[in-house]
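Residue numbers (the working numbering), protein chains in the order written: chain G, 1 to 365; chain B, 366 to 730.
Backbone N, C-alpha and C fix where the C-beta goes; we use that ideal spot for every residue, glycine too.
The structure displayed is predicted, hence computed values, not measured ones.
What follows is one structure encoded as structure tokens, with my remarks underneath.
Structure representation (structure tokens):
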């Protein structure tokens, strides 16, 4: 028996959609969860405040979500939600605030959970409903059941996963991505593409995830040359935002694979942004997949608008240079962490021990 | 603001999935809703009984759903659910039992609703949850929020629609389609293809519905030659069942269009099975769409494995002959009903008054 698809998030799209959305359907009190900058800079936070005000919804703002948020931050956000007697959460930002809001929703509803017990503790009460508003086109978190958090207890990122964590609604307005610095726009686009490709080469891929992955690869892949040249217009931003949402729907079925497992230590130890960290290993996925499904690789290349794996590699490098090199000892540590990652063996090609070290050897100083 | 996607049904697939499914998650008492024949013949009803027995779930069977079920039948099924104190419904069969179960779930939870007030009455209480098990590969009803019922008050089929009507789970086992008579297998496949194509040419099409429609057209379209020759193996049956589910997901976003509006009177007055009734008009859709989006038509043809609209027409006719001819007066009545159908103007090409009559003129004795 195979789970073909399950994704209960309602996805709404369009300029001004936050202002048109009926937040009152979720209650009279809420907590806004965001980071310190992009929610304000993008204009999304103002739009949310205005929309909530229109419905006389009482709200407070928790804006202390850092990049790669820790379990402790999420716990603090959960306490803020309880203090506010919030009936729902509005999450605004990139992957960090969106993921943090999910753990916060868990904590808010389950007083007995602590940062120590989050991953092992039982979620007795349903987490608060979340309305997710992405301000980057990459995470896909607005339509997934995952929260990827930094857990210093295991010195890595760790994924919290539950069907209860799907946001109830995702509101996609590409206007909010206009203020993204170009290197973040690029890194997040590669993250989104990586979701689609990892899902497409997953053992858990289904007809439904394939349909969505193919569309996502087409939408994001064809935008890469423009990204590489720093040319982004409104239509392209919309394309990337929808593409990244599709990538999220894909991994909601399949999960990610080794690209993410290997990217996490680069983010944890080297502070390389998540999307860029994936860019270090995404071309490897296609090269390895050639060994087991040439057809699928060729379809992927065609959808992305390139002819060969080498061309794909060049294109990714133009979008994310991946020019950081590591000490041998560190590189070997990252290979070890990657090899033991939870998602490493989820792809139709399972990297061997040697593959895992080969992937890092390229990046030794 | 555009609704890109909302479909909360969990879709499970695979041989024996009914036996592996945890029905106890939905309660301790249930009503099985099915027709008189196919649920038994296919083996699905036995599988459901055994599965429910395993969890000690008390159940009764309402097996009086006729083809093209009336609102009255659904009301009776709703009363049966109340008598049984059912906490959920298991719907087994083709589109008729699946659609009937949705209205039954409405009636069961809302005592004040009657056959007279169903379409206008308020649904105060949430309808019972439905586990849907299709035994044909066509309806897609297992993943939609629609119940298409025969309403003699308006002498036509009429659609009940609510986001509360999505089944909680769809269980897809292609084994249940083995006992389908070939002409029903063919007609239902054309129905499924029609969902994908109507959605693809809908004004409400979104990137998500397009992704699903393209996959559905590929899966069903490429199976048509085998259907025409009466050759169906297990792999093809699975392909058709998943394709028809995808078609359902498509129309859950877009609704249907004029093909369905024109098919309904042929079913109501001429007793032509629903899928075959669609086959009378599906080729017209592509011909008309040529006037507004040649690109989309060409993509559709390519996905279906044919080169021209004429080839598509021939292929559909080989699957469903559509050889019934009507009295002039009747044909004109069907054109009028079609022209006034609720879905007639939902496509990117809106048929003119003349188009509506032209579509029927071909079928005059």
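Cβ of residue i within 8 Å of any chain G Cβ
i, result
"residue 691 of chain B", "no"
"residue 413 of chain B", "no"
"residue 606 of chain B", "no"
"residue 671 of chain B", "no"
"residue 436 of chain B", "no"
"residue 388 of chain B", "no"
"residue 580 of chain B", "yes"
Residue-chain proximity (residue i, chain B), Cβ-Cβ < 8 Å
i, result
"residue 54 of chain G", "no"
"residue 350 of chain G", "no"
"residue 207 of chain G", "yes"
"residue 210 of chain G", "yes"
"residue 123 of chain G", "no"
"residue 1 of chain G", "yes"
"residue 14 of chain G", "yes"
"residue 5 of chain G", "yes"
"residue 131 of chain G", "no"
"residue 17 of chain G", "yes"
"residue 10 of chain G", "yes"
"residue 165 of chain G", "no"
"residue 20 of chain G", "yes"
"residue 246 of chain G", "yes"
Environment of residue i [buried if 16+ CB atoms lie within 10 Å]
i, result
"residue 638 of chain B", "buried"
"residue 92 of chain G", "buried"
"residue 391 of chain B", "buried"
"residue 117 of chain G", "exposed"
"residue 207 of chain G", "buried"
"residue 143 of chain G", "buried"
"residue 719 of chain B", "exposed"
"residue 133 of chain G", "buried"
"residue 141 of chain G", "buried"
"residue 328 of chain G", "exposed"
"residue 159 of chain G", "buried"
"residue 431 of chain B", "exposed"
"residue 621 of chain B", "buried"
"residue 632 of chain B", "buried"
"residue 90 of chain G", "buried"
"residue 480 of chain B", "buried"
"residue 519 of chain B", "exposed"
"residue 237 of chain G", "buried"
"residue 467 of chain B", "buried"
"residue 604 of chain B", "buried"
"residue 580 of chain B", "buried"
Nearest-angstrom Cβ-Cβ length linking residue i and residue j, presumed shorter than 8 Å
i, j, result
"residue 171 of chain G", "residue 21 of chain G", "6 Å"
"residue 630 of chain B", "residue 516 of chain B", "With 8 Å as the limit, residue 630 of chain B and residue 516 of chain B do not qualify as a contact, their Cβ atoms being about 13 Å apart."
"residue 226 of chain G", "residue 254 of chain G", "Contact flag wrong, Cβ pair sits at about 27 Å."
"residue 624 of chain B", "residue 647 of chain B", "5 Å"
"residue 510 of chain B", "residue 617 of chain B", "6 Å"
"residue 531 of chain B", "residue 493 of chain B", "Wrong, their Cβ atoms sit about 13 Å apart, outside the cutoff."
"residue 138 of chain G", "residue 100 of chain G", "Rounded, the Cβ-Cβ distance is 16 Å, inconsistent with contact."
"residue 393 of chain B", "residue 423 of chain B", "7 Å"
"residue 496 of chain B", "residue 534 of chain B", "5 Å"
"residue 69 of chain G", "residue 96 of chain G", "5 Å"
"residue 359 of chain G", "residue 262 of chain G", "6 Å"
"residue 680 of chain B", "residue 728 of chain B", "Incorrect: roughly 19 Å between the Cβ atoms, too far for contact."
"residue 599 of chain B", "residue 539 of chain B", "7 Å"
Span of the beta strand (DSSP E) around residue i
i, result
"residue 511 of chain B", "511 to 516"
"residue 7 of chain G", "2 to 13"
"residue 390 of chain B", "Residue 390 of chain B -> no beta strand (DSSP E), and no H or E assigned at all."
"residue 567 of chain B", "Where residue 567 of chain B is concerned, there is no enclosing beta strand (DSSP E), given that its DSSP letter is neither H nor E."
"residue 529 of chain B", "Note, residue 529 of chain B: premise wrong, no beta strand (DSSP E); not H, not E."
"residue 336 of chain G", "It is not in any beta strand (DSSP E) - residue 336 of chain G instead sits in the alpha helix (DSSP H) that spans 328 to 339."
"residue 424 of chain B", "423 to 430"
"residue 458 of chain B", "453 to 458"
Start and end residues, alpha helix (DSSP H) containing residue i
i, result
"residue 243 of chain G", "234 to 254"
"residue 630 of chain B", "623 to 635"
"residue 410 of chain B", "409 to 419"
"residue 130 of chain G", "Careful: residue 130 of chain G lies outside any alpha helix (DSSP H), inside the beta strand (DSSP E) at 130 to 134."
So does the stretch 232 to 251 of chain G actually touch the stretch 191 to 203 of chain G, counting three or more Cβ pairs closer than 8 Å?
-> yes
Does the stretch 312 to 327 of chain G come close enough to the stretch 339 to 356 of chain G to have 3 or more Cβ pairs within less than 8 Å?
-> no
Counting pairs of beta carbons, one from the stretch 376 to 394 of chain B and one from the stretch 1 to 11 of chain G, are three or more of them closer than 8 Å?
-> yes
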